[in-house]
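Taking it in order: structure first as structure tokens, then the write-up.
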Amino acid sequence: MATIEQLATTLQGLAGPGIKRKELIAAVREKHPKASKKDIVPAAFYALTSTVEGDVERAHRLQAFALSERAAEEGEAPLPVTRRKKDRRRDARRGQQQVH
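Using full-length UniProt numbering, the first residue of the sequence shown is number 1, and each one after it goes up by one.
See below:
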């Protein structure tokens, strides 16, 4: 199995303009057939933290790939927290009962 450094080097070489996530994963798997998606995503983050050789666009593509794939791994987007409407009538009745 490929190390994270090898996968990161491969990702840096393949992250070209216009490449889609699935194409990037397929290209990495061509060079490293035993690499799983769970191996490739951390390697993309590793590639960001290692030297990107001054290519800012390549770093942005790797970051976008890594973030989108990590979000996909974690499941759906978290549900927003919804607040229930406060029942003011019930609160008013409760306040009147305590006064009496």
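Backbone N, C-alpha and C define an ideal beta-carbon position, used for all residues, glycine too. Treat the numbers as computed from the prediction; the structure is a model and nothing was measured.
Counting only the Cα atoms, Gln96 lies some 10 Å from Arg90. Judged by beta-carbon spacing, Leu11 lies within the 9 Å limit of Leu62, meaning their Cβ atoms are closer than that value.
Lys38 carries a helical assignment under DSSP once its states are collapsed to helix, strand and coil.
Rounded to the nearest whole angstrom, the CA to CA distance from Ala64 to Met1 is 25 Å. Arg58 sits buried, since 16 or more C-beta atoms from the chains shown fall within 10 Å of its C-beta.
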